[in-house]
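Heads up: the protein sequence lines correspond to chains P and E, in order. Going by the numbering used here, the first sequence opens with residue 1, and the numbers climb by one from there. Going by the numbering used here, the second sequence opens with residue 1, and the numbers climb by one from there.
2 protein chains.
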Amino acid sequence: MPEFKILKKHSHSQARLGILKTAHGDIETPAFMPVGTLATVKALTPEELTQCGAQIILGNTYHLYLRPGHELIADLGGLHKFMNWPHPILTDSGGFQIFSLGALVKITEEGARFQSHIDGSPHFISPEKAIEIQQALGADIIMTLDEPTPHSADKLTTEKSLRLSLAWAKRCKVAHGKSDTQSLFGIVQGGMHKAMRKVSAEGTVEIGFPGYAIGGLSVGEEKDLMYEIANYTAPLLPDDQPRYLMGVGTPEDLLQCSGMGIDMFDCVMPTRNARNGSLFTREGKLNIKNARFTRDERPIDPACDCYTCKNYSRAYLRHLFQANEILALRLNSVHNTAFYQNWMRAIRLAIREDRPFDFSWQAITVDD
Amino acid sequence: MPEFKILKKHSHSQARLGILKTAHGDIETPAFMPVGTLATVKALTPEELTQCGAQIILGNTYHLYLRPGHELIADLGGLHKFMNWPHPILTDSGGFQIFSLGALVKITEEGARFQSHIDGSPHFISPEKAIEIQQALGADIIMTLDEPTPHSADKLTTEKSLRLSLAWAKRCKVAHGKSDTQSLFGIVQGGMHKAMRKVSAEGTVEIGFPGYAIGGLSVGEEKDLMYEIANYTAPLLPDDQPRYLMGVGTPEDLLQCSGMGIDMFDCVMPTRNARNGSLFTREGKLNIKNARFTRDERPIDPACDCYTCKNYSRAYLRHLFQANEILALRLNSVHNTAFYQNWMRAIRLAIREDRPFDFSWQAITVDD
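See the structure below:
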C-alpha cells in the first residue's frame, strides 16, 4: 500500500514536498505523470521517460480494456512487464473516457453500458468491473469508477451525479478489498458548485481512501473558475494524504495548483503538443513549423538539458517535422516530456528551499 | 580520401573481408548501409543506429537537395552535423531518384531537367551540379551522376545510355577535383547485357575512381539474372578497390553478392519492412500483424540481441502495431536494422574464419 510522507511544507503557499512510496518505487511530489494511454507514452521508450525524469506514468483503463484487453495483459504478467516499465503506474478507472462517449453510453445505478469507439461492440462496466480490470492491469495506484459531471451542469444534476459517484466509490472499495501492493484512490466530483464539492469531498473522505483525486476540472470551464474550485476543494481533503488533480494541465496550472496543495498531475498536453510541433520553453510555446526556424542553429531551449536540446538544432527539427519524419515526433516528445519534468523539479526545489514561486509560464507563442 | 584494405580473402567464394577508412571512421566490409533519405534513417536516432551496428549510412541527394536544400545543410555545418551522425556517410548522386520521375524528367547531354515530386517546381541537375550538391552535403563518399538504364532496355538503348553515363562520370571527376576528405565513386551501368556491362566497367575504370558501384540492378529483373549480371560485373572491377552494389537487397542477396566480391550494399528493405510490420529472422519474415502473435510472450527472435528482442514480446509489438503506435515503428526498425547488421557480421566472421557460407535466408513468412 502506497505510503505518503510530507517532507516539507511551503511557507509561501499551501504546497508540500512529499514522497509517495509504491511497490515499484518512490515518487517525488508534486509529480507530473506522462500519459501512456495504450501501454506506451506515445513515441517514447521507458528508458527515455526515465531519462526525462518521469517517475510514474498513467495508463488508461478504458483503452487497455478494449485493446489489447486486461486479461491478455494479466496473462502476460501485468502492465509493468507488458510495456517494460518497471516504475510506478497509475491507472484511471475509465470513467472519464466512457462518459466522453456521449450518445454511445447509458448509465444506470448498476454501471455504464457503452459501445466501443473502435468497433461499436457493446460493453458494460460496473464499479466492480472497473476494479477487476484495474487489478488485472496491476497498476500501483488505481481509481474508483466515477461519473464526471459536465461543467455546465446545474446544482441538482451535479448532486445526483456525485451521489452516484459516491455509491460507486463505496462499491469500488468493497470490490478492491485489501492489497499490499495496489492502492485505490477516491475521486471528488461536484462540478463547479462549491457546496457540491464539499458534499462530495466529505462523502469520499468518509468512505476512506489512501489518496484522493479531484476530478471534473479542466473540462471546458474558465481558467479562473478551475483555479477557484481546485483551491476550494484541496483543503477539504486530508492534509497527510496525496491529492491528485486529474487531467491538468499547463505548466502554469501545475505551478498554481501545486501552490494549492496538489501533489499529483497528469495531462496529454506535453506529448500531444509535441506531435503537433508545439514545443515548451520557459518563455512560452515555440511552433517548430514556423519558417523563422528554417536556419536556426539553436536548440529548442538553450537552457534545457534534454537529449533533443543537447544534440539537434531548431532547423533540423523543423526539417524533420515538415518532412513528416517519425524522428520529429520522437525528438519533440522527448523535449516536452523533459520540460514538464524539469518544471516539476523547479517547483519541488522552490518548496525544499522555501523560496516563493517566483517564476511563471504563459501560454504564448514565442517568436524568438 | 578513403583507403581500402583487404584483410582476408575467402577461399570458398570471391568474398573479401576489408576495412574502408574515411575521415569519419572505419567501415568493416562487406558492409550494409541503412538508408537515411531525408537526413534521418526513418524512426531511428544515430545512437540507436550505432547500437544496431551500423557504421555508415546513405543519404539521398535528390531528396536533400529539395528539402531542406544542400545550401542550408552546408550553412549549418554539413550533413553529419545537421543530423548528429558523426560516422561515415555515402550520398548517392540523385540519378536513380530523378530518372524514376518518368514523365517529369527530360534528359539531354547537358543534364537532367525535372520537376520536383513535392511541388512540381522546375530543376536542372548536371553532373557538375550533382557534385556541387554532394560537396555541400559533405558525405565521405559521393557518387557520379548516371542515367540508370531500365532493365527491359535493348542493347542499343543501353549502350546509348551508358555512353551518356560515362561522359557524365568524366565531368563529375573533373568537377570534384582533388579532396582529402571526400571520395568520388564511379558507377557501372549496362543493363542486363553482359557486353554492355563490360563496356561500362572498362570505361569507368579507365576514367579512374577510388571505388566503383554496380548500378541498375534489382530494378525489376528476375533474381537469377540479377545474380548473373552482378557476378559477371564484379570481377571486371579492380580487385583492390571497394565494390558497391546499389539498392540491394534481401539478406540472401547480401550473402550471395558478398560471395561475388561485393563490399558494400544499401537498401530500404529493413526499415521499410519494419514500418509495415514485417520483421526479419534467420528463418524468414514474421508478420507482426498476424493474430497468432496476440499472446506470444517470446521476442521476435530469441537469438537476437537487439534492444527490441531483449525487452519486448511479440504480443506487445503486435498490440502497438495494431494500435498505430509510433513506438511500434521504432521497435520494429531497431530489430530489422540490427538483423541486417548482425547478418553482415556473420558474413564477415565466416570470411575471417574462412568457413563456407553455410547459412542462407529465404523470403518466406514464418508461422512459428
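Yeah, the Cβ is synthetic: ideal placement off N, Cα and C, and Gly gets one too.
On a CA-only basis, which of the options is nearest residue i? Give me that one, please.
i, options, result
"Glu221/E", "Thr45/E, Pro46/E, Gly249/E, Thr91/E", "Gly249/E"
"Ile98/P", "Ile300/P, Tyr62/P, Cys304/P, Trp343/P", "Tyr62/P"
"Leu79/E", "Leu17/E, Ile57/E, Gly95/E", "Ile57/E"
"Gln362/P", "Ser258/P, Glu297/P, Pro251/P, Thr308/P", "Pro251/P"
"Leu90/E", "Lys21/E, Lys106/E, Gly203/E", "Lys21/E"
"Phe357/E", "Ser116/E, Cys257/E, Ala315/E", "Cys257/E"
"Ser100/E", "Pro68/E, Ile326/E, Arg113/E", "Arg113/E"
"Glu109/P", "Arg163/P, Val199/P, Pro88/P", "Arg163/P"
"Leu331/E", "Asp253/E, Leu349/E, Ala274/E, Lys106/E", "Ala274/E"
"Pro150/E", "Gly216/E, Gln115/E, Lys106/E, Ile364/E", "Gly216/E"
"Tyr232/E", "Phe209/E, Met264/E, Val199/E", "Val199/E"
"Gly25/P", "Pro86/P, Ile6/P, Met226/P", "Pro86/P"
"Glu47/P", "Tyr227/P, Asn324/P, Met83/P, Asp301/P", "Met83/P"
"Leu64/E", "Ile118/E, Leu156/E, Pro88/E", "Ile118/E"
"Lys81/P", "Glu3/P, Tyr307/P, Ala136/P, Leu320/P", "Ala136/P"
"Val366/P", "Ile347/P, Phe293/P, His70/P, Leu72/P", "Phe293/P"
"Pro68/E", "Gly102/E, Lys155/E, Ser116/E", "Ser116/E"
"Ile351/P", "Phe4/P, Leu17/P, Asp239/P", "Leu17/P"
By the DSSP assignment, the beta strand (DSSP E) with residue i in it spans what residues?
i, result
"Gln115/E", "112-115"
"Gly59/P", "57-59"
"Gly95/P", "Careful: Gly95/P lies outside any beta strand (DSSP E), inside the alpha helix (DSSP H) at 95-99."
"Pro122/P", "122-125"
"Leu236/P", "From DSSP, Leu236/P is part of no beta strand (DSSP E); its letter is neither H nor E."
Is it the case that the Cβ atoms of residue i and residue j are separated by a distance below 8 Å?
i, j, result
"Leu237/E", "Ala201/E", "yes"
"Gly277/E", "Gln241/E", "no"
"Ile207/P", "Met246/P", "no"
"Thr158/E", "His193/E", "yes"
"His176/E", "Leu184/E", "yes"
"Arg282/E", "Ala303/E", "yes"
"Glu128/P", "Gly95/P", "no"
"Ile262/E", "Pro30/E", "yes"
"Ser152/P", "Leu76/E", "no"
"Leu320/E", "Glu325/P", "no"
"Asp296/P", "Ala315/P", "yes"
"Leu329/E", "Ile300/E", "no"
"Ala23/E", "Thr181/E", "yes"
"Gly111/E", "Ser126/E", "yes"
"Glu28/P", "Arg355/P", "no"
Compute the minimum distance between the beta carbon of residue i and the heavy atoms of the ligand NAD, and state whether it is under 7 Å.
i, result
"Ala328/P", "Questions concerning the ligand NAD fall outside what the structure shown contains, since it holds no ligand whatsoever."
How is the alpha helix (DSSP H) around residue i delimited, first residue to last?
i, result
"Ile19/E", "Counting along the chain, Ile19/E falls outside any alpha helix (DSSP H), though it belongs to the beta strand (DSSP E) covering 16-22."
"Asn273/E", "269-275"
"Phe339/P", "326-352"
"Glu71/P", "70-75"
"Asn290/P", "Careful: Asn290/P lies outside any alpha helix (DSSP H) and carries neither H nor E."
"Phe82/P", "79-83"
"Arg314/E", "314-322"
"Met143/E", "First-last for Met143/E: 141-143, but that is the beta strand (DSSP E), not the alpha helix (DSSP H)."
"Arg171/P", "155-176"
"Ile364/E", "First-last for Ile364/E: undefined, no H or E at that position."
"Gln51/E", "46-52"
"Gln256/P", "251-258"
"Lys42/E", "No alpha helix (DSSP H) contains Lys42/E, which DSSP labels as neither H nor E."
"Thr308/P", "307-311"
Would you list the one or two residues that DSSP bridges to residue i?
i, result
"Glu28/P", "Ile19/P"
"Val35/E", "Leu58/E"
"Val188/E", "Ile214/E"
"Lys8/P", "Leu17/P"
"Val105/P", "Phe114/P"
"Leu279/E", "Leu286/E"
"Leu245/E", "Ile214/E, Phe265/E"
"Leu369/P", "What is shown of chain P runs 1 to 368, which leaves residue 369/P out entirely."
"Glu202/P", "Bridge partners of Glu202/P: none, in fact."
"Glu3/E", "Lys21/E"
"Ser183/P", "Ile141/P"
query: Counting Cβ pairs, one atom from each stretch, are 3 or more of them under 8 Å apart for the stretch 327-339 of chain P and the stretch 269-276 of chain P?
result: yes
message: Three or more C-beta pairs under 8 Å: does that hold for the stretch 3-19 of chain E against the stretch 41-49 of chain E?
response: no
- prompt: Is there contact between the stretch 51-66 of chain P and the stretch 24-42 of chain P, where contact requires at least three CB pairs shorter than 8 Å?
  reply: Output reads yes: the stretch 24-42 of chain P touches the stretch 51-66 of chain P.
Meets three-Cβ-pair contact criterion under 8 Å: the stretch 130-144 of chain E and the stretch 157-175 of chain E: yes
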